[in-house]
Each structure stands twice: as structure tokens, then as C-alpha cells.
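A quick write-up on the structure given underneath.
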Amino acid sequence: MNIDGIIFDLDGTLWDSCRIVAESWGHTLRTKYGAQRVPTEAEVRSIMGLTVAQIAERLFSGYGERALEICTDCLREENAYIAAHGGGKPYPGLEELLRRLSGRCGLYIVSNCIDGYIQCFLGCTGLGGYIKDFECEGVTGMKKADNIALIARRNGLKRYIYVGDTASDEESAALAGCPFVHASYGFGTAKAPAAVIGAPLELLAVVDAMDKEDQNG
């Protein structure tokens, strides 16, 4: 059976939004909370892919008991800021990849983001026509592995892969019971992925090889 679904992580896999996210958080923290110091682009890059609670603990701990509240507010404001000022930078070759893959299997997104962020990505990039379904922690309250499994069930997927850039993505794929393809051009590392790609378009060859292996097996 050929691969019938490819589920993508978002940040570090489909685009790099670190600059605009840092800009947005800085704007929110200065204008709403009078902050003197705001997270840098490098600090934002270091937390990409983490849950809201993990981000709050790492970058907003200085706000004490309000850390999670203020972090969540920054994330909500981020959606409107991105919609008004433009989003991140899709990785080179992404649109061609999605166009070519969409003719052979379903394409999906699962992220740890809040509700609205995936929609911002799709709206800013104009790539929404290629994505059949998406899910995130901000909607379901569930961990990434559970959301991967949810997308698979909801769309009747039998043989699917997860493409992401971090070790936590790899762990989530393992828990969801699907092969993991590591996007090494992103923000993190992986221990033992089923395959590694150094650019989005390299995924085409990986899918070809997996389909061929399955047919020969």
C-alpha cells in the first residue's frame, strides 16, 4: 500500500516565522505590559515546536504567576499581527513540493500552536488549497502524538508519515505509530528517523522510496 497521507509539522518544517514572531511578541509586551526586555529572535527560535506551557516556562518566567497568561496573550496577538504584517518565510521549494505531492496523497498539518496560527500560515502563503485538514493543541488540548492520530482517524489514513524538525516531533510520531521524516533544515535534531531531508523537495524521493519498498515487500 502506498503512502496515503503526509502530516507536516509547521514551524521549522514548512516555514521560518521566528523574525515576525519575535517582532509581534515584542510589540505586545511593550505596548500592553510595559516590558523593557523582550524575547530575541534567537530565543524565539529556541522554543519553536514546544507547547504553550513549555514556552511560558522558558521565556516568560519573569512574569511569575502570570507567565502562562501573558505568554498565551502574546500568541493570540501574534495571529492578528502576522495577518496584518505578513508571515514567515516558506522554505524554498515548498509550494512545488505540496503541488506535486497533493496529486498522490492527502496532505495535513499538526502543530503545537494555538488556534488560528495554522490558518495564518495558510492565508499568508496561499497554500491552503493543498492542505486537506489540520489540527493543533490550541483546539483539542491534546499532545501532538494524539493530534497526529486524530488526523489519521478523521481522514481514514492507513499508511502515513509525519514530517518534522525536532526530537519532540520524532517522539510524537513514534507514539502515534507512524514513520518520522526529519527536516534537518529546521530548528532541531533527531535520533533515528526513517529518513532525513535537507530541503523540502527531497521529500519526493523519500516518498518514492517508501512506496517502492512497500511494493517490493
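Residues 5 to 221 in our numbering are what the sequence shown lists, from first letter to last.
For every residue, glycine included, the Cβ atom is placed at its ideal position computed from N, Cα and C.
Computed from a predicted structure; not experimentally measured.
First through last residue of the beta strand (DSSP E) which encompasses residue i
i, result
"Y112", "110-115"
"D137", "137-140"
"A203", "From DSSP, A203 is part of no beta strand (DSSP E); its letter is neither H nor E."
"I165", "164-168"
"F184", "184-187"
Sub-8 Å separation of residue i and residue j beta-carbons
i, j, result
"A194", "A171", "yes"
"I122", "L14", "yes"
"I227", "V185", "Nothing about residue 227 can be reported from this structure: the residues present for the chain run from 5 to 221 only."
"Y164", "I7", "yes"
"I135", "Y166", "no"
"C140", "S176", "no"
"I152", "C182", "yes"
"R208", "R103", "Sequence check: residue 208 is Leu here, not Arg. The answer is no: Cβ separation not under 8 Å."
"G190", "G16", "yes"
"E47", "L33", "no"
"D119", "G142", "yes"
"L179", "A203", "no"
"K162", "M5", "yes"
"I74", "Y37", "yes"
"A57", "S65", "no"
"C109", "N83", "no"
Proximity test, Cβ basis, 8 Å: residue i and chain D
i, result
"Y189", "Here chain D cannot be found, since the structure has a single protein chain."
Contact belief for residue i with residue j at Cβ below 8 Å, rounded distance in angstroms
i, j, result
"D137", "R158", "6 Å"
"G192", "D169", "5 Å"
Residue range of the alpha helix (DSSP H) that includes residue i
i, result
"V48", "45-51"
"D173", "171-180"
"N83", "71-89"
"D150", "148-158"
"S106", "98-106"
The ligand FMN heavy atom lying under 7 Å from the CB of residue i
i, result
"E81", "Absence of the ligand FMN is noted for the structure shown, with no ligands found whatsoever."
ask   = Is the region 23-36 in contact with the region 61-78, if contact means three or more CB pairs nearer than 8 Å?
value = Using a Cβ-Cβ distance cut-off of 8 Å, the region 23-36 and the region 61-78 are in contact, since at least three pairs of beta carbons, one from each stretch, lie closer than that value.
message = Within 8 Å, do at least three Cβ pairs link the region 15-24 to the region 47-63?
response = They touch, by the three-pair rule.
task = Count the C-beta pairs between the region 126-140 and the region 83-100 that are closer than 8 Å, then say yes if the count reaches three, no if not.
result = A contact exists between the region 126-140 and the region 83-100.
query = Where in the region 9-39 do unbroken runs of the beta strand (DSSP E), each at least 3 residues long, occur, reported from the N-terminal end onward?
reply = The qualifying runs are 9-12.
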